[in-house]
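Participant: My structure is below; once you've seen it, I'll send some questions.
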Amino acid sequence: MQPDSESTISGTESSVAKRISAARKWALVHKWSSLVCTAFLLVICVTGLPLLFSDQIDEWLEPHAYEVLPAGTPAASLDRLTAAGRKMYPGQIVTSIGIDDDEPQIYVWMARSWAALKADPKSEHFIRFDARTAKVLEESKPAAQSHLGFIDVMLSLHRDLFVDLPGELFLGLMALLFVIATMSGIVLYGPFMRRLDFGTVRKDRSRRLKWLDIHNLLGVATLAWVLVVGTTGLMNELSTPLFGIWQLTDVRALLARWQGQPPPSPEQLGSVQSALATVRQQLPGKIVTSIIFPGSEDGSPRHYLLWAKGNSPLTARLFNPVLVDGVSGDYVGVVKMPWYLRALEVSRPLHFGDYGGLPLKILWALLDLVTIGVLGTGLYLWLSRRRSPIERQLMELENRPPAVAGAEIRTAE
Amino acid sequence: MKLWRWPLALAALTVFGLLCALLGQGGIWWLLSWIALALPLIVICYYLCRRVQTSIR
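Same order as they appear, the protein sequences are chains A and B.
The first sequence: position 247 = 701 (my numbering), numbered continuously.
The second sequence: position 42 = 216 (my numbering), numbered continuously.
Pasting the structure below:
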């Protein structure tokens, strides 16, 4: 099928017109999605930097010192820790226990009552124990009274702008716009770079062209990382509603028998240490990281809910909820997690960059800086935009003879 | 297509690097992951620095 010359010309013209009209639409998508999310994304990128190194910063700001004990010193019984907690705060209840799998410390969380905690979720406070000696290392004030640390402020700016769920959903929307902006940017890379070699930076023409080229280079070289961190960030912002859906459906169905019943009183409660021992025996190789006490909104009215994870790099990200009867101490079993929560769990390391040692975190930080560069150059390009409509700019790109394209100029120098 | 050769290669490298450390058991997989994720950054530096060199000349 060899078309004659005339139809070739008109065919080319109409295909150019089509291409320009498509590019114009994508340019509009790129412009508006970017404009709305850029300010928030800049905050997210900047606060993400200290969050990447939060472990190191925390350790530096508030170093945790531990008694040096012979390796293999057995851990103190959790029953001893909860008894100590109840003695320190008479009349209060234990709400959950956090077991650090990295440092020898155990957090015992307490509140005045389940009703009081429901009314004011920030009234919870913790006692931090040495996991081996059961000595008290730290006592916190309720979250409502304690001042926010540096990392807390960074995290809130990064995740919810200090307003919990509405903030999470809002920043989730910004993340969605950012992903759309990235994808429309990839589409626009085609027409803008059609006549240029990869990596061309036209420093010899206008300042705007130079920054456009840098914007394109930074963006296109990091696009896969940006899309991965952007979409996993979006998923993380949806974690509250996703866990809520699971609680309202699967978990509620599973616990229907006990729903509405008062939780066992502290006197009725079975040993939490034996609940832990039961799970360790039933699920060898799994590491229990937290225990939610019966009565918690995040757990069961009747059972201890233990979160257990695997010990390989991937399964260490997959937490399984395990139920143990809170009175009799009988093992109930592992609660199945739906696929969307599994996806959320796997997405977390891909957002945090915390799964490949310090060098991976440093690379994450550098890629984050490149993203700040893309946002900054994008903002500059918009602020210094020419008054000429996008159609004319694209037309110029189409009509520019190959000789003026950047590659040739560069080699001619 | 020539236009997409570099972007696609860098994207594939990035995905490889991201999965390497996630699925591999430390050691060599971490090293591969660091190299794969450093390459897009090195490519950026190369093209940005090249600009500086030509302007000096």
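Every residue gets a Cβ at the ideal spot worked out from N, C-alpha and C, and that includes glycine.
Indicate the three-state DSSP secondary structure (helix, strand or coil) for residue 624 of chain A in the structure shown.
Facilitator: Counting from one through the first sequence, the residue named residue 624 of chain A turns up at place 170. DSSP places residue 624 of chain A in helix when its eight states are reduced to three.
Participant: What's the C-alpha gap between residue 859 of chain A and residue 662 of chain A?
Facilitator: Start at 1 with the first residue of the first sequence, and residue 859 of chain A comes out as number 405. Start at 1 with the first residue of the first sequence, and residue 662 of chain A comes out as number 208. The predicted position of residue 859 of chain A is uncertain, since its pLDDT is 40 and thus under 50; a value taken from the coordinates is nonetheless stated next. Whole-angstrom Cα-Cα distance: 15 Å.
Participant: Can the beta-carbon of residue 718 of chain A be found less than 7 Å from the beta-carbon of residue 633 of chain A?
Facilitator: Counting from one through the first sequence, the residue named residue 718 of chain A turns up at place 264. Counting from one through the first sequence, the residue named residue 633 of chain A turns up at place 179. Not in contact: residue 718 of chain A and residue 633 of chain A (Cβ atoms no closer than 7 Å).
Participant: Can you find at least 3 beta carbon pairs, one from the segment 665-680 of chain A and one from the segment 208-218 of chain B, that sit closer than 8 Å?
Facilitator: The segment 665-680 of chain A vs the segment 208-218 of chain B: in contact.
Participant: Below 7 Å between beta carbons: does that hold for residue 531 of chain A and residue 727 of chain A?
Facilitator: Indexing the first sequence from 1 puts residue 531 of chain A at position 77. Indexing the first sequence from 1 puts residue 727 of chain A at position 273. Yes. Within cutoff.
Participant: Residue 752 of chain A by DSSP, collapsed to three states: which one?
Facilitator: Counting from one through the first sequence, the residue named residue 752 of chain A turns up at place 298. DSSP places residue 752 of chain A in coil when its eight states are reduced to three.
Participant: Establish whether the CB of residue 530 of chain A and some CB of chain B are separated by less than 7 Å.
Facilitator: Here residue 530 of chain A corresponds to residue number 76 of the first sequence, with the count starting at 1. No - not a single Cβ of chain B is within 7 Å of the one on residue 530 of chain A.
Participant: Please classify residue 744 of chain A: does DSSP put it in a helix, a strand, or coil?
Facilitator: To locate residue 744 of chain A, count along the first sequence from 1; it is residue 290. Residue 744 of chain A falls in the strand class under three-state DSSP.
Participant: Hey, is residue 211 of chain B's beta-carbon within less than 7 Å of any beta-carbon in chain A?
Facilitator: Taking the second sequence and counting its residues from 1, the one referred to as residue 211 of chain B is at position 37. Judged by the 7 Å Cβ criterion, residue 211 of chain B is in contact with chain A.
Participant: Along the chain, which unbroken stretches of the beta strand (DSSP E) at least 3 residues long are found entirely within the segment 548-618 of chain A?
Facilitator: The segment 548-618 of chain A contains these whole beta strand (DSSP E) runs: 559-565, 579-584 and 590-593.
Participant: Take residue 558 of chain A as the anchor and find which of A/589, A/539, A/600 and A/536 has the nearest alpha-carbon.
Facilitator: Here residue 558 of chain A refers to the residue found at position 104 when the first sequence is read from its first residue. The candidate whose alpha carbon is nearest that of residue 558 of chain A is A/589.
Participant: Counting Cβ pairs closer than 8 Å, one from the segment 616-628 of chain A and one from the segment 689-704 of chain A, do we hit at least three?
Facilitator: A contact exists between the segment 616-628 of chain A and the segment 689-704 of chain A.
Participant: Please confirm whether residue 229 of chain B has its beta-carbon closer than 7 Å to some beta-carbon of chain A.
Facilitator: If you number the second sequence from 1, residue 229 of chain B lands on position 55. Bear in mind that the predicted position of residue 229 of chain B carries a pLDDT of just 41, short of 50, making it unreliable; the figure below should be weighed with that in mind. Judged by the 7 Å Cβ criterion, residue 229 of chain B is in contact with chain A.
Participant: Between which two residues does the alpha helix (DSSP H) containing residue 712 of chain A stretch?
Facilitator: For the purposes of this step, residue 712 of chain A is identified with residue 258 of the first sequence, where counting begins at 1. Taken as a continuous stretch (DSSP letters only), residue 712 of chain A belongs to no alpha helix (DSSP H), as it is neither H nor E.
Participant: From residue 654 of chain A to residue 645 of chain A, what distance separates their C-alpha atoms?
Facilitator: Position 200 of the first sequence, counted from the start, is the residue given in the question as residue 654 of chain A. Position 191 of the first sequence, counted from the start, is the residue given in the question as residue 645 of chain A. Their backbone Cα atoms lie some 14 Å apart in a straight line.
Participant: Using alpha carbons as the reference points, say which of B/222, B/223, B/224 and B/211 lies closest to residue 816 of chain A.
Facilitator: To locate residue 816 of chain A, count along the first sequence from 1; it is residue 362. Comparing Cα positions, the closest option is B/211.
Participant: With DSSP as the reference, label residue 484 of chain A as helix, strand or coil.
Facilitator: Taking the first residue of the first sequence as 1, we reach residue 484 of chain A at position 30. Helix, per DSSP.
Participant: Starting from residue 805 of chain A and walking both ways along the alpha helix (DSSP H), at which residues does that stretch end?
Facilitator: Locating residue 805 of chain A in the first sequence gives position 351, counting from the first residue. Segment 793-806, the alpha helix (DSSP H) holding residue 805 of chain A.
Participant: Taking the straight line between their C-alpha atoms, what separation do you get for residue 193 of chain B and residue 475 of chain A?
Facilitator: Here residue 193 of chain B is taken as the residue at index 19 of the second sequence, counted from 1. Here residue 475 of chain A is taken as the residue at index 21 of the first sequence, counted from 1. Cα-Cα distance, rounded: 38 Å.
Participant: Mind listing the chain B neighbours of residue 674 of chain A? Cutoff is C-beta to C-beta under 7 Å, in chain order.
Facilitator: Within the first sequence, the letter at position 220 stands for residue 674 of chain A. 181, listed in chain order.
Participant: Here's the rule I'm using: 16 or more other beta-carbon atoms within 10 Å means buried, otherwise exposed. How should residue 617 of chain A be labelled?
Facilitator: Counting from one through the first sequence, the residue named residue 617 of chain A turns up at place 163. Flag for residue 617 of chain A reads exposed.
Participant: Can you tell me which of A/685, A/684 and A/639 puts its alpha carbon nearest to the alpha carbon of residue 666 of chain A?
Facilitator: One-based indexing of the first sequence puts residue 666 of chain A at position 212. Closest option to residue 666 of chain A, Cα to Cα, is A/639.
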